[in-house]
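A.B. asks:
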Amino acid sequence: MKKLIYNHTEENLKRTFAWSSSWYHPYESAWSIFHKFMFANKVTINDLFKIFGSESIQNKRSNVWSKKDGDLFTLEGFDEKRLQDILGFNLKANIIEESATILKILIQKHHYKVFYIDTFRFCPECIKIGYHSTFHQFKLFNTCPLHNKPLSSICPSCGGGWKNEYNLIKNEIKHPFQCQCGFLFINEDMARMFAKTWSSNSHDIRDSSLVTRLFELNAHSEKTKRIHISDCIDLTNYENPFEYLYLTVNSKEENTKHIVYKSSKNINKIKCLDKKLLSKYIFTPRHKRPNKELYFTLKATYKSIARHFRKTILKDHKKCIKSYNRSFTHSESICPFVSAYAHWRGHIEDHEINWHVHTYRKRKIAENQVDFYTRSDSDYFFNIYIELMTGLYNEKDETIYGNEPSILHYVSPDNLTITKYTFNRLFAHLLHNYLLNWLIVAHNDMGKSVHYFYSRPFMKYKNLPFYTIVYPFKDNEAAEFHIWPNKDKTIENILKKLKCPNNS
Ligand SMILES: [Zn+2]
Ligand SMILES: [Zn+2]
Ligand SMILES: [Zn+2]
33 MKKLIYNHTE
43 ENLKRTFAWS
53 SSWYHPYESA
63 WSIFHKFMFA
73 NKVTINDLFK
83 IFGSESIQNK
93 RSNVWSKKDG
103 DLFTLEGFDE
113 KRLQDILGFN
123 LKANIIEESA
133 TILKILIQKH
143 HYKVFYIDTF
153 RFCPECIKIG
163 YHSTFHQFKL
173 FNTCPLHNKP
183 LSSICPSCGG
193 GWKNEYNLIK
203 NEIKHPFQCQ
213 CGFLFINEDM
223 ARMFAKTWSS
233 NSHDIRDSSL
243 VTRLFELNAH
253 SEKTKRIHIS
263 DCIDLTNYEN
273 PFEYLYLTVN
283 SKEENTKHIV
293 YKSSKNINKI
303 KCLDKKLLSK
313 YIFTPRHKRP
323 NKELYFTLKA
333 TYKSIARHFR
343 KTILKDHKKC
353 IKSYNRSFTH
363 SESICPFVSA
373 YAHWRGHIED
383 HEINWHVHTY
393 RKRKIAENQV
403 DFYTRSDSDY
413 FFNIYIELMT
423 GLYNEKDETI
433 YGNEPSILHY
443 VSPDNLTITK
453 YTFNRLFAHL
463 LHNYLLNWLI
473 VAHNDMGKSV
483 HYFYSRPFMK
493 YKNLPFYTIV
503 YPFKDNEAAE
513 FHIWPNKDKT
523 IENILKKLKC
533 PNNS
């Protein structure tokens, strides 16, 4: 390996390295540039830090680098001037600006975590010529915009048991474009061809149809910025999550194939409380009433969905309901319909085994925080509530939390209507999905007598159909809720597979 002397003057630095700024392309990632640099100059990651590192990196005595030093989104460990002088452009500024340009299309608050995947992901075609793009880390695309091929996180040779984060340090691809196992991601002839290939790389990722359509959304930014995409959903499970965003923005009533719920157009103006519902609680202090109303509407949604399930799914299983509790002590085989419903009820109400078809477990409303009725989803609901408040009402953290940083303010009469609408829609969506999952469990356990006490044998938001929420920002805007049902995993399909031991 070539021996490098690092304390060159700036003029010398430019001449010392094999590099041309024409090897860099728009939206090329920092990972790509650093690996190209290592490849062309036969240098190591330690050398990279010494060549481009910030002052604190330069002052380190040892070659022990932290995860923060290797961060490829922020390039905190690197010095802008050195990058500019040696590469011919300010890589750090470009990376930060380009990732922000993508995020700016979507939401006002930038959530790196929601939209950028922290596992290293590459296109098997692009990487053959040593190219990796910021778009390969962008969660709404699961295919390469240039090749339409699925992105991968796995080494084709060793299968990659690597701890492969999108990071220079927490990544087992320590040699230029080469896995720990020796597998070379880049074509072998690139050793001769790299300079020519990199400077003539003709395809501009911005011209690809995916990226063009993404940037097209800027023309609809007024709506795009109001869309919430759930971070409960693992976006990597979908082939092209971007399509859902695009359809949410561009759905026309006449040709929409997914489910859309829309509120009335003046939902944001409706600020009074439901007097009838609240007459029962008229003695509670005024500021606590919206909180109670939210709680009771969510409970009402739950009860009405439960009633609907009883009238449909359990219609022919009255006898099974009666014998269900007995089956805990007797080894009778359980009716899967009732078992699914019972577990679903127990799960939502935090019950153990003693559930009753017509009564619901009573619990106190939380008086000092927003109470979303469901305990198991309250963290997720809290997060959406904060997003709603900051997006819709431009509330600052202090107004949302008051003096206690962990306790949310009460729902106010101003935001009650929209809060009720959003959370009742979302709750109904989650409730249907929980039932689906419990029906799948009951199907798998058919013929056995299995009870899950205090435990859920599936991941919390498993199978959750993709959904987006559109918040109304202005007085004449409606709230929208879009759902893309899972065609092969529906409640109806599972019900067809269940057999009741008592009704044959
Ligand atoms: Zn590609
Ligand atoms: Zn490997
Ligand atoms: Zn039955």
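Residue numbers (my numbering): 33 to 536. For each residue, glycine too, the CB sits at the ideal point set by N, CA and C.
Is there contact between the region 320-334 and the region 397-405, where contact requires at least three CB pairs shorter than 8 Å?
C.D. replies: Contact between the region 320-334 and the region 397-405 is present, because at least three Cβ pairs lie under 8 Å.
A.B. asks: Excluding the 5 residues preceding and the 5 following Pro273 in the sequence, name in chain order all residues of the same chain whose CB lies nearer than 6 Å to its CB.
C.D. replies: As a first step, residue 273 is located in the sequence shown; it is residue number 241 there, counting from the start. The residues are Leu172, Leu267.
A.B. asks: Cβ of Cys155 within 8 Å of any heavy atom in ligand 1?
C.D. replies: The sequence position of residue 155 within the sequence shown is 123, counting from 1. Checking every heavy atom of ligand 1 against the Cβ of Cys155, one is found closer than 8 Å.
A.B. asks: So, helix, strand or coil for Val502, using DSSP?
C.D. replies: The sequence position of residue 502 within the sequence shown is 470, counting from 1. It is a strand residue.
A.B. asks: If you scan the region 79-153 from start to end, which runs of the alpha helix (DSSP H) of 4 or more residues do you find wholly inside it?
C.D. replies: The qualifying runs are 87-90, 112-119, 123-138, 144-147.
A.B. asks: Please confirm whether any heavy atom of ligand 3 lies closer than 8 Å to the CB of Phe152.
C.D. replies: Locating residue 152 in the sequence shown gives position 120, counting from the first residue. Phe152: no, Cβ never under 8 Å from ligand 3.
A.B. asks: So, for Tyr313: in the same chain, excluding its five sequence neighbours on each side, which residues have a beta-carbon less than 7 Å away from its beta-carbon?
C.D. replies: The count along the sequence shown starts at 1 and reaches residue 313 at position 281. Because the pLDDT of Tyr313 is 45, which lies under 50, any placement of that residue in the model is unreliable, and the number read from its coordinates should be weighed accordingly. Closer than 7 Å at Cβ, skipping near neighbours: Arg321, Lys324.
A.B. asks: I'd like the list of long-range same chain contacts for Val502, defined as Cβ closer than 6 Å, with 5 residues on each side in sequence excluded.
C.D. replies: Taking the sequence shown and counting its residues from 1, one reaches residue 502 at position 470. So the qualifying residues of the chain are Arg258, Ile259, Glu512.
A.B. asks: Rounded to whole angstroms, how far is the Cβ of His349 from the Cβ of Val370, which I believe are closer than 8 Å?
C.D. replies: Counting from one through the sequence shown, the residue named residue 349 turns up at place 317. Counting from one through the sequence shown, the residue named residue 370 turns up at place 338. That pair is a contact at about 6 Å.
A.B. asks: Does the Cβ of Glu87 have 16 or more other Cβ atoms within 10 Å, making it buried, or fewer, making it exposed?
C.D. replies: By 1-based counting over the sequence shown, the position of residue 87 is 55. With fewer than 16 Cβ atoms within 10 Å of its Cβ, Glu87 is classed as exposed.
A.B. asks: Under a Cβ-count criterion, where at least 16 other Cβ atoms within 10 Å of its own Cβ denotes burial, should Lys35 be classed as buried or exposed?
C.D. replies: Numbered from its first residue, the sequence shown carries residue 35 at position 3. For Lys35, the pLDDT reaches just 43, beneath the cut-off of 50, and the residue's location in the model is therefore unreliable, although a value from the coordinates is still provided. It is exposed - the Cβ of Lys35 has fewer than 16 other Cβ atoms within 10 Å.
A.B. asks: Any heavy atom of ligand 2 closer than 8 Å to the beta-carbon of Ser189?
C.D. replies: Within the sequence shown, residue 189 is the residue found at index 157, counting from 1. Indeed, a heavy atom of ligand 2 lies less than 8 Å from the Cβ.
A.B. asks: Would you say the beta carbon of Leu330 is closer than 8 Å to some non-hydrogen atom of ligand 1?
C.D. replies: Counted from its first residue, the sequence shown places residue 330 at position 298. It does not: the Cβ of Leu330 is nowhere closer than 8 Å to a heavy atom of ligand 1.
A.B. asks: Considering just the uninterrupted stretch of the alpha helix (DSSP H) at Val243, what are its terminal residues?
C.D. replies: As a first step, residue 243 must be located in the sequence shown, where it is residue number 211. Counting along the chain, the alpha helix (DSSP H) containing Val243 begins and ends at 241-248.
A.B. asks: Using C-beta distances below 8 Å, list every residue in its chain close to Asn39, excluding the 5 sequence neighbours before and after it, in chain order.
C.D. replies: Residue 39 sits at position 7 when you count from the first residue of the sequence shown. Any reading at Asn39 must be qualified, since the residue scores a pLDDT of 46, below 50, and its modelled position is unreliable; the value itself is stated next. Around Asn39: no qualifying Cβ.
A.B. asks: Would you mind stating whether Asn300 and Leu448 have Cβ atoms separated by less than 9 Å?
C.D. replies: What you label residue 300 is simply residue 268 of the sequence shown in a count that begins at 1. What you label residue 448 is simply residue 416 of the sequence shown in a count that begins at 1. No, these two residues do not count as a Cβ contact at 9 Å.
A.B. asks: Relative to the C-alpha of Ile439, which candidate in Lys343, Val402, Ala460 has its C-alpha closest?
C.D. replies: Looking up residue 439 in the sequence shown gives position 407. Selected option, being the one with the closest Cα: Val402.
A.B. asks: In angstroms with no decimal places, state the Cα-to-Cα distance between Val482 and Asn518.
C.D. replies: Along the sequence shown, one-based indexing puts residue 482 at 450. Along the sequence shown, one-based indexing puts residue 518 at 486. Spanning the two alpha carbons is a distance of roughly 27 Å.
A.B. asks: Taking the alpha helix (DSSP H) that Leu215 belongs to, which residues open and close that run?
C.D. replies: Here residue 215 refers to the residue found at position 183 when the sequence shown is read from its first residue. According to the sequence shown, residue 215 is Phe rather than Leu. Here Phe215 belongs to no alpha helix (DSSP H), and DSSP marks it neither H nor E.
A.B. asks: Do Trp63 and Leu242 count as a contact pair if the criterion is CB distance below 9 Å?
C.D. replies: What you label residue 242 is simply residue 210 of the sequence shown in a count that begins at 1. What you label residue 63 is simply residue 31 of the sequence shown in a count that begins at 1. No; because the gap between Cβ atoms is not below 9 Å, this pair is not in contact.
A.B. asks: For the pair the region 54-61 and the region 119-137, tell me if three or more CB-CB distances fall below 8 Å.
C.D. replies: The region 54-61, when compared against the region 119-137, does touch it at the 8 Å Cβ threshold.
A.B. asks: Opposite Val292 in the DSSP bridges: which residues?
C.D. replies: Counting from one through the sequence shown, the residue named residue 292 turns up at place 260. Its beta-bridge partners are His514.
A.B. asks: With a threshold of 8 Å, establish whether the CB of Leu246 neighbours any heavy atom of ligand 5.
C.D. replies: By its list of ligands, the structure shown excludes ligand 5, since it contains just ligand 1, ligand 2 and ligand 3.
A.B. asks: So for Pro489, helix, strand or coil by DSSP?
C.D. replies: Locating residue 489 in the sequence shown gives position 457, where the first residue counts as 1. In this structure, Pro489 counts as coil in the three-state DSSP scheme.
A.B. asks: Starting from Glu380 and walking both ways along the alpha helix (DSSP H), at which residues does that stretch end?
C.D. replies: In the sequence shown, residue 380 corresponds to position 348, counting from 1. Note on residue identity: the sequence assigns Ile, not Glu, to residue 380. Run containing Ile380: 368-381, per the alpha helix (DSSP H) assignment.
A.B. asks: Taking 9 Å as the threshold (C-beta atoms), are Phe455 and Phe505 in contact?
C.D. replies: As a working mapping, residue 505 is identified with position 473 in the sequence shown. As a working mapping, residue 455 is identified with position 423 in the sequence shown. No. Outside cutoff.
A.B. asks: Are the Cβ atoms of Asp111 and Ile127 separated by less than 9 Å?
C.D. replies: Taking the first residue of the sequence shown as position 1, residue 111 is located at position 79. Taking the first residue of the sequence shown as position 1, residue 127 is located at position 95. Not in contact: Asp111 and Ile127 (Cβ atoms no closer than 9 Å).
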